[in-house]
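Just so you know, the sequences run in chain order A and B.
Heads up: take any position in the first sequence, counting from 1, add 93, and you land on the numbering used here.
Heads up: take any position in the second sequence, counting from 1, add 3, and you land on the numbering used here.
All remarks here apply to the structure that follows.
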Amino acid sequence: GENVEQHPSTLSVQEGDSAVIKCTYSDSASNYFPWYKQELGKGPQLIIDIRSNVGEKKDQRIAVTLNKTAKHFSLHITETQPEDSAVYFCAANPWMDSSYKLIFGSGTRLLVRP
Amino acid sequence: ETGVTQTPRHLVMGMTNKKSLKCEQHLGHNAMYWYKQSAKKPLELMFVYSLEERVENNSVPSRFSPECPNSSHLFLHLHTLQPEDSALYLCASSRSWQETQYFGPGTRLLVL
Chain A
94 GENVEQHPST
104 LSVQEGDSAV
114 IKCTYSDSAS
124 NYFPWYKQEL
134 GKGPQLIIDI
144 RSNVGEKKDQ
154 RIAVTLNKTA
164 KHFSLHITET
174 QPEDSAVYFC
184 AANPWMDSSY
194 KLIFGSGTRL
204 LVRP
Chain B
4 ETGVTQTPRH
14 LVMGMTNKKS
24 LKCEQHLGHN
34 AMYWYKQSAK
44 KPLELMFVYS
54 LEERVENNSV
64 PSRFSPECPN
74 SSHLFLHLHT
84 LQPEDSALYL
94 CASSRSWQET
104 QYFGPGTRLL
114 VL
């Protein structure tokens, strides 16, 4: 089955610096990799996703890169702001006929210091 | 977050109580999900419904009973829960079971 590992578990950066969160997955058939942001008292919100036919995707200050050979993908946040402080989850969705679930990483708590 | 709503937002119940969690999605999606989120654990999928038919039951104890009367509503019926069932219960929906999932705000459950 699919296993998703996420590192680091906590990350503290100075406002304006960049933050990078990394995930690895085990099932080479995985085809879809979303990233979610969860603020206190709220459900996870999708912030960016990438499919396996693309190596990089960018949306303003957020970018995701995918290395299919190494089976890892990363979230990059540039020019961090205090409102970026939250828990971030990566996930993978194995592309199989009977697969319909996201396997989540354990989360990264990001703190952006003003 | 108005696309997927959940009620109640907070619930405290005794181990002998029966209660239900409700989820409603306003996105026209065909698939709905229940997840459990505990401290220090990844999100755990509990149930998946696609076109109102249960397609996944992830080895969840029978004290949790889902119901999907139509594609917009999903319930989780709870009875004789244990203290270790205390967690945040999240509902999600997607256009189909292979597409992006959108989460509700969750119900924070405390079992005494």
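Heads up, the beta-carbon is just placed ideally off N, CA and C, and yes, glycines get one too.
Bear in mind the structure is a predicted one, so any value in this text is a computation, not a measurement.
Asked, Found
"CA-to-CA distance, D120(A) to M189(A), given in whole angstroms", "In this prediction, M189(A) scores a pLDDT of 46, lower than 50, which makes its location untrustworthy; no coordinate-derived value is stated."
"Proximity winner among E108(A), I140(A) and N96(A), relative to V157(A) (alpha-carbon distances)", "I140(A)"
"Reduced DSSP category for T110(B) - H, G, I as helix; E, B as strand; rest coil", "strand"
"Cβ-based neighbour list, K22(B), same chain, cut-off 7 Å, excluding 5 preceding and 5 following", "L14, M16 and L81"
"Within-8 Å CB hit, P64(B) to chain A", "no"
"CB contact below 8 Å: K151(A) versus chain B", "no"
"Spatial distance of S111(A) from N20(B) (CA atoms)", "48 Å"
"Proximity to A34(B) [Cα-Cα], best of F50(B), L79(B) and E87(B)", "F50(B)"
"Same chain only: Cβ atoms within 7 Å of S89(B), ignoring 5 sequence neighbours per side", "L112, L113 and V114"
"Short Cβ contact (8 Å threshold) for P69(B) with W37(B)", "yes"
"Simplified DSSP state of P72(B), which is helix, strand or coil", "strand"
"Sequence-distant residues of the same chain with beta carbon closer than 6 Å to V63(B), five excluded per side", "M49"
"Contact set between the stretch 97–111 of chain B and chain A, restricted to residues whose Cβ is under 8 Å from the partner", "W100, Q101, T103, Q104, Y105, F106, G107, P108 and G109"
"Residue interval of the beta strand (DSSP E) (run including V7(B))", "V7 to T10"
"Chain A contacts made by the stretch 34–45 of chain B, where a contact means CB separation under 9 Å", "A34, Y36, Y38, Q40, K43, K44 and P45"
"Contact set between the stretch 64–81 of chain B and chain A, restricted to residues whose Cβ is under 9 Å from the partner", "none"
"Pair within 8 Å by beta-carbon distance, P207(A) and E108(A)", "yes"
"Any C-beta of chain A under 8 Å from that of L24(B)", "no"
"Contact under 8 Å by Cβ, K130(A) with H165(A)", "no"
"Euclidean distance between Cα positions of L91(B) and G136(A)", "9 Å"
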